[in-house]
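Here the structure is laid out as structure tokens; the discussion comes afterwards.
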Amino acid sequence: MTAVFSGDISGMVLKRSLRADLGEVSLDSQMLQVLMELDGKKRLSEVAQSLQMSMKDLRGVVQKLHQLKLCEPAQDSMPVLGKDFLDFLSSQLSRAMGPIADVVIEDEIREMGETANRFPAHRAAELVDLLARQILREERKVAFQQAMVKKLREIQT
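Residue numbering for the sequence shown follows the working numbering, starting at 3 and increasing by one per position.
Here you go:
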């Protein structure tokens with residue numbers, strides 16, 4: 003469950019979830035304020051700014067709300083990595099590791115609790131870092147990281 007909120011969450015978009023037993027849930031004022039801001043359209047960075055809250059504090063609140071099943075990622079509005087990014091990732095990792103690269107990528111994505119066809123863009127840097135740690139030869143690791151940092155900058159703009 004915490005994997006949903008690992009890495010940079012500032013670009014995530016959450017929406018409120020409907021619960022039949024809402025009357026039985028106790029919320030503090032901060033949790034209620036955050037819940038009211040989660041409209042399925044605003045990024046968490048905008049919610050934090052609106053509530054004048056740090057991203058660290060917001061992360062803790064949204065984790066609690068998620069555990070209570072009061073919010074969930076708004077899948078329709080969450081940016082996902084395109085096929086071009088994943089193809090580039092595969093080609094770069096193949097240069098560094100050889101033909102096993104695609105298996106390593108699939109395993110890492112699965113371990114992160116995600117799927118390749120709906121991989122959240124806000125977790126791309128985390129994926130690249132995890133993959134880079136598996137490259138044994140330092141010069142290949144550096145080349146992979148440099149190529150991927152350049153590609154990550156493209157998707158963030």
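Beta carbons are placed, not taken as given, at the ideal position from N, Cα and C, and that holds for glycine.
Distance CB(A103)-CB(R142) smaller than 8 angstroms: no
DSSP three-state assignment for L53, whether helix, strand or coil: coil
The region 131-140 touching the region 103-122, judged by at least three CB pairs closer than 8 angstroms: yes
Expected contact under 8 angstroms - CB spacing of Q6 and P75 to nearest Å: The question names Gln, but residue 6 is Val in the sequence shown. Confirmed, Cβ separation roughly 7 angstroms.
Nonlocal neighbours in the same chain, by C-beta distance under 8 angstroms from M57, ignoring five residues either side: I11, S12, L46, S47, A50
V15: first and last residue of the uninterrupted beta strand (DSSP E) it sits in: 15-18
Cβ neighbours of A161 in the same chain (closer than 8 angstroms, five flanking residues each side left out): Examination of residue 161 is not possible in this model, given that the chain is present from 3 through 159 alone.
Cβ-based burial, F146 [other Cβ within 10 Å; buried from 16]: buried
Contact check, Q35 vs L53, beta carbons under 8 angstroms: yes
For D104: DSSP bridge partner residues: DSSP, once it has assigned bridges, lists no residue as partnering D104.
Coarse secondary structure for V82, derived from DSSP in three states: strand
Check whether V63 and Q32 have beta carbons under 8 angstroms apart: yes
Cβ pair L129, M114 closer than 8 angstroms: yes
Counted within 10 angstroms of its Cβ, other Cβ atoms place K71 as buried (16 or more) or exposed: exposed
DSSP state of R45 mapped onto helix, strand, coil: strand
Residue span of the beta strand (DSSP E) that contains E128, given as start and end: Careful: E128 lies outside any beta strand (DSSP E), inside the alpha helix (DSSP H) at 126-134.
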